[in-house]
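Converting from the sequence shown to the working numbering requires adding 546 to each position, the first position being numbered 1. Glycine residues also receive a C-beta, built at the ideal position from the N, C-alpha and C atoms.
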Amino acid sequence: MTTSNVIAFQGLPGAYSDLSCRTVFPDMTTLPCATFEDAFAAVREGRAALAMIPVENSIAGRVADNHHLLPEGGLHIIGEHFQRVNHQLLAPKGATLAGLKTVRSHIQALSQCRNMTRELGLTAISHADTAGAAAEIAKLGDPQHAAIASSLAAEIYGLDILKGGIEDAEHNTTRFLILSREPKTPPLPTEGTGAKIITTFVFRVRSVPAALYKALGGFATNGINMTKLESYMVGGHFTQTQFYADVEGHPEERSLRLALEELAFFARAGEVKILGVYPANPFRYQESQRIGED
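The structure is reproduced here in C-alpha cells:
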C-alpha cells in the first residue's frame, strides 16, 4: 500500500465518513483517524493523499469544528460529495425486534431516528459515534441491545440489520469536502456545457458600520450566486467574526474576480483566503430541481 492510494477520515471503520470514502474512491484504502485534526494531519504529513471531511448535514446543520479547521488546516478543497444517510438498526445474530431493550448511537443519529425508537419502545443511549456503537454492540453480543449505524458497519462488525432506512427524514444527507495537500483548480468551464464551479473562501471584514453589506455588494452587482454564508467567532473574541462562503463561479472569470476584488477592499487586510476551487457536485442542482418540482 502506498500513501498515494490512502484517504483519511474521522471515526472508526464503518462510519458514514468511511462509507463516503469508499463510495467516491472505491479503489483507495481508508484510514480511520480519532479526530478531525488527525485526519488533516494525516494528509499534511503524507500518510494519506486525501481526506474526506463532513461540513454540514441537511438535518443537524454544520459540523462546527471543521469550519474552524479548514482555514488553518493547510489543505485545499478539491471536490465535494453528498452522502445520503440511510440509518440501519443493527443487533447481534439471533436478535429480534421484539426482544430489544436499548439502542445506542451518536446523539445526532438517535435524534434522526426518534420515530423508530418510540415505536419499538427502546431506551436510547448516546455514544461517541455510530460505528463505535456498532463495535460495542458486537462486543457485548447481547440480543437485547442494538445500535444505529451504517450497512457498512453491519458488514464490518458482523451484525444483523433488523430494520433498514429507519431515519425519520427522507432528505437526510451529509455534505463532505475532499481535501488534498495541493490545490487542483479545474479549468474555466466551456460555455454551453452547463458545468459549474464552486469557490469556497473565508474572510473577515473591518469593524466599521455596514462593512459586511459593502463587502458583499460586489457579488450582487456582478451577478454571483452565493450558495452559503456562515459566521462564527474566532479567537474567543465576541467582536471578531469570520465568515465562510461558497459561491458559484471560477476566480478567473471576470465577474467573480471583480467581486473578490471588491470584497478584499472592505475586508481586513490579508483576511480573504480561498480554501478551494472545485467542480460542483451534480447532486446540489438535482436537489434544487426536485424541491422546485414539489
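Among the options, nearest to residue i - alpha-carbon criterion
i, options, result
"I623", "I724, L758, I712", "I724"
"R727", "T787, E716, A587, F555", "A587"
"V601", "P638, P578, Y562", "Y562"
"G557", "S651, K730, L635", "S651"
"T736", "R814, H796, A715", "H796"
"A858", "A595, E701, G607", "In the structure as shown, the chain begins at 547 and stops at 840. Residue 858 is therefore absent and cannot be evaluated."
"H717", "L643, G607, E799", "G607"
"T642", "V631, I707, G764", "I707"
"S777", "A741, E799, P572, V609", "V609"
"A715", "E618, L616, R630, L666", "R630"
"G763", "P617, S672, E807, N827", "E807"
"I653", "A741, E798, S672", "S672"
C-beta atoms of residue i and residue j nearer than 7 Å
i, j, result
"A674", "A695", "no"
"V748", "L758", "no"
"A761", "L821", "no"
"Y703", "A679", "no"
"A585", "A597", "yes"
"D564", "T549", "no"
"R590", "G620", "yes"
"F628", "T719", "yes"
"A670", "L686", "no"
"I599", "M574", "no"
"F582", "N603", "no"
Counted within 10 angstroms of its Cβ, other Cβ atoms place residue i as buried (16 or more) or exposed
i, result
"L841", "In this structure the chain extends from 547 to 840, so residue 841 is not present and cannot be described."
"N551", "exposed"
"G640", "exposed"
"F811", "exposed"
"L775", "exposed"
Pairwise C-alpha distance: residue j and residue i
i, j, result
"E839", "Q832", "In this prediction, E839 has a pLDDT of 49, which is less than 50 and means its spatial position is unreliable; what the coordinates show is noted afterwards. Cα to Cα, E839 sits roughly 11 Å from Q832."
"P559", "R593", "17 Å"
"D792", "H614", "15 Å"
"A692", "P825", "40 Å"
"I605", "V818", "29 Å"
"L668", "L635", "12 Å"
"F789", "F829", "25 Å"
"V780", "A756", "20 Å"
"V823", "I743", "7 Å"
"A815", "S753", "12 Å"
"A813", "R721", "28 Å"
"T773", "L698", "32 Å"
"L705", "A637", "5 Å"
"T731", "P689", "51 Å"
"A595", "F555", "11 Å"
"A741", "H633", "32 Å"
"E794", "P578", "32 Å"
"L616", "P572", "25 Å"
"E799", "T787", "28 Å"
"E665", "P729", "48 Å"
"E618", "N827", "24 Å"
inquiry  = Tell me whether the stretch 654–669 and the stretch 568–580 touch, counting them as touching only if at least three CB pairs, one residue from each stretch, are closer than 8 Å.
reply    = The stretch 654–669 vs the stretch 568–580: no contact.
Worksheet item: Touch check for the stretch 760–777 and the stretch 798–808: three-plus C-beta pairs under 8 Å?
Response: With the cut-off at 8 Å, the stretch 760–777 and the stretch 798–808 touch.
task: Would you check if the stretch 645–652 and the stretch 711–721 touch, i.e. whether three or more CB-CB distances between them fall below 8 Å?
output: Counting Cβ pairs under 8 Å, fewer than three are found: no touch.
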